[in-house]
């Protein structure tokens, strides 16, 4: 039986998550289904005007982007699968619908093992050139918290660890809000902070979520729709 990667990483703490979060993170390779969320970001993007030209240079990577907006519609798809190297993984593809411009933000989180324990590593962007370790915890209220740490860049054969003074960390929190809307919604907030620059990227909002069967009913563990696949895969950690 396949165990969802977030359950592997959290172990017994997985049972402390809100039931709605346990359901959200329950996708495993071979299930024949994928998750679809649609909602509104209250805020999303880069608030610092002077930083936006730099982020525009990396916009084609489908990782960071220069726009900023409020009340922006978005869609997320979650696909559980085995990556080409046999690791259990979850690929997320987000469409952020700014006025006049749609941005894609994608990543693949894979589970590996370090010192005998499961460790999540997150590969960001369509070229998967940035990877970070992802550390998870559960709050007393049953929310999921995640912090990305120890980033590395892969440029051709080079593996370049980013020093703490240059590295940016992502701080994420996700939870179920029963008071949101008529029957409750998922909520998420993420901040990417670089110690020398400050806030690089922020997004926060609410969304509805449901599971859908794959067209054709594919239940192969390695199945990932072509449009959700990156331009290249990376197995280095």
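Numbering (our numbering), first residue to last: 185 to 421. All C-beta atoms in this analysis are idealised placements derived from N, C-alpha and C, irrespective of residue type, glycine included. Please read these numbers as outputs of a predicted model, since none were measured by experiment.
{"Check": "Own chain partners of residue 200 with C-beta closer than 7 Å, once the 5 adjacent residues on each side are dropped", "Outcome": "322 and 326"}
{"Check": "Residue range of the unbroken alpha helix (DSSP H) whose run includes residue 189", "Outcome": "189–194"}
{"Check": "Cβ-based burial, residue 229 [other Cβ within 10 Å; buried from 16]", "Outcome": "buried"}
{"Check": "DSSP state of residue 380 mapped onto helix, strand, coil", "Outcome": "coil"}
{"Check": "Extent of the continuous beta strand (DSSP E) to which residue 320 belongs", "Outcome": "314–322"}
{"Check": "Residue 204 - containing alpha helix (DSSP H), residue span", "Outcome": "203–208"}
{"Check": "N-terminal and C-terminal residue of the beta strand (DSSP E) that residue 236 is part of", "Outcome": "Residue 236 -> not in any beta strand (DSSP E); alpha helix (DSSP H) instead, spanning 236–240."}
{"Check": "Coarse secondary structure for residue 354, derived from DSSP in three states", "Outcome": "strand"}
{"Check": "Residues bridged to residue 361 [DSSP beta-bridge criterion]", "Outcome": "369"}
{"Check": "Chain-order list of residues whose beta-carbon lies under 6 Å from that of residue 190 (same chain, five-residue window excluded)", "Outcome": "209"}
{"Check": "The region 192–207 contacting the region 334–354, beta-carbon criterion three pairs below 8 Å", "Outcome": "no"}
{"Check": "Proximity to residue 259 [Cα-Cα], best of 242, 290 and 271", "Outcome": "290"}
{"Check": "Where residue 255 falls, given that 16 or more other Cβ within 10 Å makes a residue buried", "Outcome": "exposed"}
{"Check": "Sub-8 Å separation of residue 414 and residue 292 beta-carbons", "Outcome": "yes"}
{"Check": "Residue 279 to residue 324 span [Cα, whole Å]", "Outcome": "31 Å"}
{"Check": "Alpha carbon of residue 369 to alpha carbon of residue 390, nearest angstrom", "Outcome": "6 Å"}
{"Check": "Buried/exposed call for residue 272, threshold 16 Cβ in 10 Å", "Outcome": "buried"}
{"Check": "Neighbourhood of residue 287 by C-beta, 6 Å cutoff - its chain only, sequence neighbours within 5 removed", "Outcome": "249 and 280"}
{"Check": "Nearest-angstrom Cα separation, counted from residue 337 out to residue 184", "Outcome": "For residue 184 there is no data in the structure shown, the boundaries of the chain being 185 and 421."}
{"Check": "Short Cβ contact (8 Å threshold) for residue 375 with residue 355", "Outcome": "yes"}
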